[in-house]
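K.L.:
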Ligand SMILES: [Zn+2]
Ligand SMILES: [Zn+2]
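Numbering (this note's numbering), first residue to last: 33 to 241.
Rendered as C-alpha cells:
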C-alpha cells in the first residue's frame, strides 16, 4: 500500500491518500484544502475511485464534494446516524470558524457492520465505532494491517465526546470491543496527530487502563 498523509485545515486533520501498484486510489477524510488534494492526486497520476468518510465533522468532510465534482467518484460513508451533521455543515462552518461548506450527502451510507468495500487491491472491513459521533465508522484493511479510524483512538488519547450526540461510554465500548480485538501490529491512522498501533494503545493508553 502506498500512502500519503496530508494534514488539512487549521485542525491538522490527517487526510489519507492511498493507492495500489496500479495507481487505483482512495482518499479518506478529505477535510478541506481541495485544491491542494486535487493537485497531489493529479501529480501522482492516480486513478481515484472513492472518497471515504469516517464521520460527519467538517474538518473530515469539507473537501469531499469538491473532489467528487472534479473526479466524478462516489462518496461512501459514514453510517447514516451522522446524517444530522451533514445537514448542519453550514452551521459547523461557523462553529469551527472554518471555510463555508454547503450541505451535501454521501452517495452511500455504510451501515452494515462487517461490510466489505473493495477498491483496487484493497479490501476494507467497515466497523461501526459510535461515541465521538453516533455514525462514526472505521475502515480496516486486514491484509495491509492498517486501520483508518478517524477521531476514535489517538496516540495516547481518545476522541472527544462533548460534541452533539457524543457519548463517552459508547466511545470506550467501540475501542474495547471493536478496535482492541484487532491484531496488535495493526497500524492506526488517527484523525489528528501521529499514527499508532493497536498493541501500543492497549498497553499504554491512559484512558483505557
Ligand atoms: Zn471529529
Ligand atoms: Zn477531527
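Glycine included, C-beta positions come from ideal geometry on N, C-alpha and C.
Quick one: using the 10 Å Cβ neighbour count with 16 as the cut-off for buried, is residue 213 buried or exposed?
P.N.:
The residue is exposed, with fewer than 16 neighbouring Cβ atoms inside 10 Å.
K.L.:
Go through its chain and collect everything with a Cβ distance to residue 107's Cβ below 6 Å, but skip five positions before and after it.
P.N.:
83, 96, 100, 138, 139, listed in sequence order.
K.L.:
Identify the continuous beta strand (DSSP E) that holds residue 36 and give its terminal residues.
P.N.:
Taken as a continuous stretch (DSSP letters only), the beta strand (DSSP E) holding residue 36 covers 34-40.
K.L.:
When you measure from the CB of residue 183 to every non-hydrogen atom of ligand 1, does any distance come out below 6 Å?
P.N.:
Yes, ligand 1 has a heavy atom inside 6 Å of this Cβ.
K.L.:
Can you give the beta carbon distance from residue 186 to residue 225, rounded, assuming they're within the 8 Å contact cut?
P.N.:
Confirmed, Cβ separation roughly 6 Å.
K.L.:
Heavy atom of ligand 2 less than 6 Å from the Cβ of residue 127, yes or no?
P.N.:
False, no ligand heavy atom lies under 6 Å from that Cβ.
K.L.:
Nearest-angstrom Cα distance between residue 215 and residue 239?
P.N.:
Using only the alpha carbons, I get a separation of about 20 Å.
K.L.:
Are at least three pairs of beta-carbons, each pair with one atom in the segment 120-128 and one in the segment 168-179, less than 8 Å apart?
P.N.:
Contact fails: fewer than three Cβ-Cβ distances are below 8 Å.
K.L.:
For residue 111 versus residue 164, is the C-beta distance shorter than 7 Å?
P.N.:
Not closer than 7 Å, so no.
K.L.:
Whole angstroms is fine: what's the gap from residue 203's alpha carbon to residue 62's?
P.N.:
Answer to the nearest angstrom: the Cα atoms are 23 Å apart.
K.L.:
I'd like the list of long-range same chain contacts for residue 81, defined as Cβ closer than 7 Å, with 5 residues on each side in sequence excluded.
P.N.:
Only 56, 57, 58, 105, 151, 152 meet the Cβ criterion.
K.L.:
For a test of the three-state rule: what should DSSP assign to residue 95, helix, strand or coil?
P.N.:
The answer is coil: DSSP assigns residue 95 none of H, G, I, E or B.
K.L.:
Per DSSP, residue 103 forms a beta bridge with which residues?
P.N.:
The partner list for residue 103 (beta bridge, DSSP) is empty, contrary to what the question assumes.
K.L.:
If you follow the alpha helix (DSSP H) that residue 69 is part of, which residue opens it and which one closes it?
P.N.:
Start and end: 66-75.
K.L.:
Assuming residue 200 and residue 182 form a contact by the criterion Cβ under 8 Å, report the distance between their Cβ atoms to the nearest whole angstrom.
P.N.:
In fact, because the Cβ distance is near 16 Å, the residues do not count as touching under 8 Å.
K.L.:
What residue does the beta strand (DSSP E) around residue 20 start on, and which one ends it?
P.N.:
For residue 20 there is no data in the structure shown, the boundaries of the chain being 33 and 241.
K.L.:
According to the neighbour-count rule (16 or more other Cβ atoms, all chains shown, within 10 Å of its Cβ), is residue 241 buried or exposed?
P.N.:
Exposed: under 16 other Cβ atoms inside 10 Å.
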